[in-house]
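S.K.: For the protein sequence lines, the chains are A and B, in the order given.
So for the first sequence, our numbering puts the first residue at 1; every next one is plus one.
So for the second sequence, our numbering puts the first residue at 207; every next one is plus one.
Where a beta carbon is used, it is the ideal one built from N, C-alpha and C, also for glycine.
Pasting a structure here, questions to come.
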Amino acid sequence: MTESWESRPEILERRYQRLLAWYPPRHRAAHGDEMLGVLLAAAPDGQRRPRIAEAANLLWGALLIWLRPRPAEQTASGWSDALAAFSVAAPLALLLANRLTIATDGVGLADRGGVTFVLSSLAFSGLGLAVPFVLLGLRRAGGFICCAAALLLAFMAGHAIYSALFTAVAGSSFIAIPLFSYATEAGALLSSPGPRRGWRVPGWPG
Amino acid sequence: MRDRPLQEPTFLILTALAAGPQHGYGIMTDVEEISVGRMRLRAGTLYAALDRLETDGLVAQDREEVVGGRLRRYYRLTPDGTAVLAAETQRMRANAAVAAKRLRLAEGLS
Chain A
1 MTESWESRPE ILERRYQRLL AWYPPRHRAA HGDEMLGVLL AAAPDGQRRP RIAEAANLLW
61 GALLIWLRPR PAEQTASGWS DALAAFSVAA PLALLLANRL TIATDGVGLA DRGGVTFVLS
121 SLAFSGLGLA VPFVLLGLRR AGGFICCAAA LLLAFMAGHA IYSALFTAVA GSSFIAIPLF
181 SYATEAGALL SSPGPRRGWR VPGWPG
Chain B
207 MRDRPLQEPT FLILTALAAG PQHGYGIMTD VEEISVGRMR LRAGTLYAAL DRLETDGLVA
267 QDREEVVGGR LRRYYRLTPD GTAVLAAETQ RMRANAAVAA KRLRLAEGLS
């Protein structure tokens with residue numbers, strides 16, 4: 001019925017528009033008209049509806065763009081850039097904090113042994129796991145590793161308080177500094193465009 | 207900083223832009239030509255790739271024009287994109303040289 005007053009290109013265009021509606025509004029506003037032009041240019045004469053493979057490809061592309069973190073370049077946020085740069089710099093600070101705390105408190109705690117020391121060792125091994133993710137630019141994986149380490153340290157702090165070791169363990173820099181470092185690194189990674197952008201922030205060597 | 211090889215569609219998109227800016231449909235047809243018909247990019251793949259390449263700073267928007275009432279946007283390689291494409295080309299050339307050498311050895315043995 002509709003085809004009686006709509007031409008074939010108009011029908012095809014309307015059907016493509018329905019598929020493009022699955023894209024994020026930001027992407028649709030920036031590229032919707034352009035994509036529609038490309039789709040219509042690539043369509044053979046007489047085509048009335050998108051092919052199944054083409055429709056699936058458009059929906060897959062929309063999903064990929066929905067799942068992709070937004071770049072700082074497009075939001076033009078100085079905070080995003082700062083957090084991205086921090087996400088690169090923080091692993092170095094974490095390493096430094098780790099070495100310092102072991103130098104000041106670690107020997108005494110190691111002598112003490114027990115569950116708290118085992119858990120703290122595991123938490124610090126999380127640092128070793130997070131650094132390669134950060135250097136490879138794997139934002140989410142690095143963020144989740146840091147989150148896990150921060151949660152583990154928070155659990156340790158709770159355990160220490162419960163077992164009346166707060167002044168000896170949780171109150172020391174052995175937990176406080178790494179906990180703060182992991183938490184801030186996780187926040188920086190998960191709320192910014194991540195290390196790949198961090199390396200390109202103006203003024204950053206590399 | 208890039209250690210992983212480029213995926214073939216990405217490599218071909220960057221190659222299509224190496225000689226100068228192109229619009230979306232131009233990239234699609236050029237990729238098909240460069241790959242001698244082996245790779246046919248669809249719009250969903252192309253624009254997902256362009257979105258990622260822009261995010262990574264390898265590709266940037268060059269200019270826009272309106273043709274037949276439709277927006278046509280041109281994309282170009284950034285200096286980072288040129289460097290990544292050059293590095294990937296060098297890597298592939300080195301791999302191909304090793305492969306050719308091994309094949310010659312195999313032919314010599316048979």
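Does the beta-carbon distance from Ile65(A) to Pro132(A) come in below 8 Å?
M.R.: Result no, Cβ atoms of Ile65(A) and Pro132(A) do not sit closer than 8 Å.
S.K.: How many whole angstroms separate the CB atoms of Ala84(A) and Thr184(A), which I take to be in contact at a CB cut-off of 8 Å?
M.R.: Contact flag wrong, Cβ pair sits at about 13 Å.
S.K.: Put Val272(B) into one of helix, strand or coil per three-state DSSP.
M.R.: Three-state result, Val272(B): strand.
S.K.: At a CB-CB cut-off below 8 Å, which residues of chain A make contact with Leu277(B)?
M.R.: The answer, in chain order, is Asp33, Glu34 and Gly37.
S.K.: Consult DSSP for Leu309(B) and reduce its assignment to one of helix, strand or coil.
M.R.: Helix.
S.K.: Sort Asn57(A), Phe155(A) and Gly187(A) by Cα distance to Ala141(A) and report the nearest one.
M.R.: Answer by Cα proximity: Gly187(A).
S.K.: Would Glu54(A) count as contacting chain B if we go by Cβ distances under 8 Å?
M.R.: So, interface residue.
S.K.: Can you pull out the residues from the stretch 214–237 of chain B whose beta carbon lies closer than 7 Å to at least one beta carbon of chain A?
M.R.: For the stretch 214–237 of chain B, which is checked against every Cβ of chain A, the residues closer than 7 Å are Gly230, Tyr231 and Met234.
S.K.: Please state whether the Cβ-Cβ distance between Trp193(A) and Pro69(A) is less than 8 Å.
M.R.: Correcting the residue type first, residue 193(A) is Pro in the shown sequence and not Trp. Yes, they are a contact pair.
S.K.: Looking at the C-beta of Arg196(A), does it have a partner C-beta in chain B at a distance below 8 Å?
M.R.: Yes, because at least one Cβ of chain B sits closer than 8 Å to the Cβ of Arg196(A).
S.K.: How about Gln213(B): is its Cβ closer than 7 Å to a heavy atom in the ligand ZN?
M.R.: By its list of ligands, the structure shown contains no ligand whatsoever, and the ligand ZN lies outside what it can speak to.
S.K.: Under DSSP, the alpha helix (DSSP H) around Val237(B) begins and ends at which residues?
M.R.: Val237(B) -> alpha helix (DSSP H) spans Gly230 to Ile240.
S.K.: Our contact map puts Ile240(B) next to Ala222(B) with C-beta atoms below 8 Å; I'd like the distance itself, whole angstroms only.
M.R.: About 6 Å; that satisfies the 8 Å criterion.
S.K.: Is the separation between the beta-carbon of Trp60(A) and that of Gly230(B) shorter than 8 Å?
M.R.: No, these two residues do not count as a Cβ contact at 8 Å.
S.K.: Hey, out of Gly37(A), Glu54(A), Arg28(A) and Gly137(A), whose CA is closest to Leu189(A)'s CA?
M.R.: For Leu189(A), the nearest C-alpha among the options comes from Gly137(A).
S.K.: For Gly198(A), report the span of its alpha helix (DSSP H) as first-last.
M.R.: Pro195 to Gly198 is the extent of the alpha helix (DSSP H) around Gly198(A).
S.K.: So, using beta-carbon positions, are Thr284(B) and Val304(B) closer together than 8 Å?
M.R.: Cβ distance not < 8 Å, so Thr284(B) and Val304(B) don't count as in contact.
S.K.: Quick one, which of Leu277(B), Leu315(B), Thr288(B) and Ile219(B) has its alpha-carbon nearest Leu252(B)'s?
M.R.: Ranking the options by Cα distance to Leu252(B), first place goes to Ile219(B).
S.K.: Rank Ala225(B), Ala312(B) and Ala292(B) by C-alpha distance to the C-alpha of Pro211(B) and give the top, closest one.
M.R.: The candidate whose alpha carbon is nearest that of Pro211(B) is Ala292(B).
S.K.: Looking at chain A, is there any beta carbon in it that lies within less than 8 Å of the beta carbon of Ala302(B)?
M.R.: Output row for Ala302(B): interface = no.
S.K.: For Ile145(A), which option in Ser181(A), Ala53(A) and Ala29(A) has the closest C-alpha, if you only look at C-alpha atoms?
M.R.: Residue Ser181(A) is the option with its Cα nearest to Ile145(A).
S.K.: If you run the structure through DSSP and keep just helix, strand and coil, what is Arg14(A)?
M.R.: It is helical.
S.K.: Classify Ala188(A) as helix, strand or coil using the three-state DSSP reduction.
M.R.: Helix, per DSSP.
S.K.: Whose C-beta lies closer than 8 Å to the C-beta of Arg297(B) among residues of the same chain, with five residues either side of it excluded?
M.R.: Excluding residues within five positions, the ones whose Cβ falls inside 8 Å are Pro211.
S.K.: I want to verify the contact list: residues of chain B whose CB lies under 8 Å from the CB of Trp22(A), in sequence order.
M.R.: By Cβ distance, chain B contributes nothing, its closest Cβ being about 10 Å from Trp22(A), past 8 Å.
S.K.: Ala29(A) lies in the alpha helix (DSSP H); which residues open and close that run?
M.R.: Run containing Ala29(A): Pro25 to Ala42, per the alpha helix (DSSP H) assignment.
S.K.: Buried or exposed: Glu313(B), going by 16 or more other Cβ atoms within 10 Å of its Cβ?
M.R.: When all chains shown are included, Glu313(B) counts as exposed.
S.K.: Please report the residue range of the alpha helix (DSSP H) in which Ala224(B) lies.
M.R.: Start and end: Glu214 to Ala224.
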